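Protein chains: 2
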Amino acid sequence: MAADGTSSAQGCCAPLEALPLDPAHATDMAKMFKALGDPVRLRLLSIIAAHPDGEVCVCDLTTLFDVAAPTISYHLKLLRETGLVEHDRRGTWVYYRPVRERLRQLSALLAAPDMAEAAR
Amino acid sequence: MAADGTSSAQGCCAPLEALPLDPAHATDMAKMFKALGDPVRLRLLSIIAAHPDGEVCVCDLTTLFDVAAPTISYHLKLLRETGLVEHDRRGTWVYYRPVRERLRQLSALLAAPDMAEAAR
DNA sequence: CCTCTATTTTGACATCCATCTAACCTTTGG
DNA sequence: CCAAAGGTTAGATGGATGTCAAAATAGAGG
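Below you can see the structure in the form of structure tokens.
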């Protein structure tokens with residue numbers, strides 16, 4: 001096997017000419033996609049992004065799911081750590097907002113034919 | 121706790137009025153995002169989508185990664201099962217193509233402000 | 001200060017996932 | 001028909017992940 005990235009076969013295929021996601025960048029992006037790869041988290045983000053107030057109180061989120069409150073908290077933390085949402089405490093309650101810039105970034109990556117240049 | 125989906129608190133927040141992803145649909149979409157949530161798979165898809173020929177031979181993919189051939193095969197199968205790529209055997213070699221429709225679907229979901237109507 | 005409510009953290013646990021090696025299938029070419 | 005090469009499948013394994021109950025933290029309001 002050729003380890004130099006060129007075709008190893010005797011003529012089975014043309015070499016890769018386009019410029020796909022480099023490994024480092026792919027790891028970054030994959031983290032965000034992974035965060036979206038759970039039904040609870042995707043719904044959480046969707047609910048947060050869809051709310052007309054631009055933010056949602058955790059107290060309203062917990063009632064919408066079949067899982068316990070700590071589980072919701074766990075998922076929200078994960079969304080936070082990947083930069084997909086921000087949070088903000090006001091008094092007893094905590095409010096979550098989407099980070100639209102990040103959502104646009106992911107959307108653009110999937111929209112680009114070569115999935116590369118849109119990745120910034 | 122109110123289990124009817126309305127606010128349970130004494131006035132901490134406005135009720136959710138927008139229409140986010142329903143649970144069933146969220147599960148579907150989450151599967152696809154999960155498939156993108158691994159660096160190897162994301163790179164695989166990117167390479168496949170970026171190739172000028174519109175398809176890539178597996179024989180060229182295996183040389184580009186640090187993982188063993190069966191692992192590449194495993195990831196390709198996963199991408200296949202989520203409908204993100206198609207494959208096709210010609211002679212000894214197997215070629216993979218992106219399913220652009222699916223990519224657009226995911227992209228649109230993230231682009232929609234409420235992450236719902238674009239989900240078809 | 002004490003208590004009540006909202007939210008998060010911790011610890012435990014069962015399951016899932018990415019990876020490898022070894023074995024298998026398929027096609028090509030003697 | 002046999003051997004070689006490309007790709008996939010099977011089985012095993014260590015590590016990550018989602019979940020819960022219990023405990024901890026943070027404000028609000030006596």
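Chains as they are written, first to last, in our numbering: chain A, 1 to 120; chain B, 121 to 240. Even glycine gets a Cβ: it sits at the ideal position worked out from N, Cα and C. These numbers were taken from a predicted model, which means no experiment stands behind them.
Between residue 167 of chain B and chain A, is the shortest Cβ-Cβ distance under 7 angstroms, so that the two count as touching?
yes
Leaving out five residues on either side along the sequence, give the residues of the same chain with a beta carbon under 7 angstroms from the beta carbon of residue 83 of chain A.
99, 102
Straight-line Cα distance separating residue 214 of chain B from residue 178 of chain B:
Each residue's alpha carbon lies about 6 angstroms from the other.
Between the C-alpha atoms of residue 191 of chain B and residue 72 of chain A, what's the straight-line distance to the nearest angstrom?
33 angstroms
Sorry if obvious, but does the Cβ on residue 82 of chain A come closer than 6 angstroms to a heavy atom of the ligand GTP?
Summarising the ligand content, the structure contains no ligands, and the ligand GTP is consequently not present.
Give a yes or no on whether 7 angstroms exceeds the smallest Cβ distance from residue 197 of chain B to chain A.
no
Among B:163, B:142, B:182, which has the Cα closest to the Cα of residue 43 of chain A?
When the alpha-carbon of residue 43 of chain A is set against those of B:163, B:142, B:182, the nearest one is in B:142.
I need the straight-line Cα distance from residue 29 of chain A to residue 92 of chain A, nearest angstrom please.
Cα to Cα, residue 29 of chain A sits roughly 34 angstroms from residue 92 of chain A.
Taking Cβ-Cβ distances shorter than 7 angstroms, what residues in chain A pair up with residue 292 of chain B?
An answer regarding residue 292 of chain B cannot be provided, because it is not within the stretch 121 to 240 covered by chain B.
In this structure, does DSSP put residue 201 of chain B in helix, strand or coil?
It is helical.
Which of the three DSSP states, helix, strand or coil, is assigned to residue 113 of chain A?
coil
Suppose contacts are defined by Cβ-Cβ distances below 7 angstroms. Is residue 85 of chain A in contact with residue 96 of chain A by that definition?
yes
Under the rule that 16 or more other beta-carbon atoms within 10 Å means buried, what is residue 210 of chain B, buried or exposed?
exposed
Leaving aside the five residues before and after residue 47 of chain A along the sequence, list all residues of the same chain whose C-beta is less than 8 angstroms from its C-beta, in chain order.
56, 61, 64
Name the DSSP beta bridge partners of residue 98 of chain A, please?
A:85
What's the gap between the Cα of residue 35 of chain A and the Cα of residue 207 of chain B?
27 angstroms
Report the start-end ranges of each alpha helix (DSSP H) in the region 134-197 of chain B that is 4 residues or longer and not cut off at the edges.
Runs of the alpha helix (DSSP H) lying entirely within the region 134-197 of chain B, each at least 4 residues long, are 143-156, 159-170, 178-181 in chain order.
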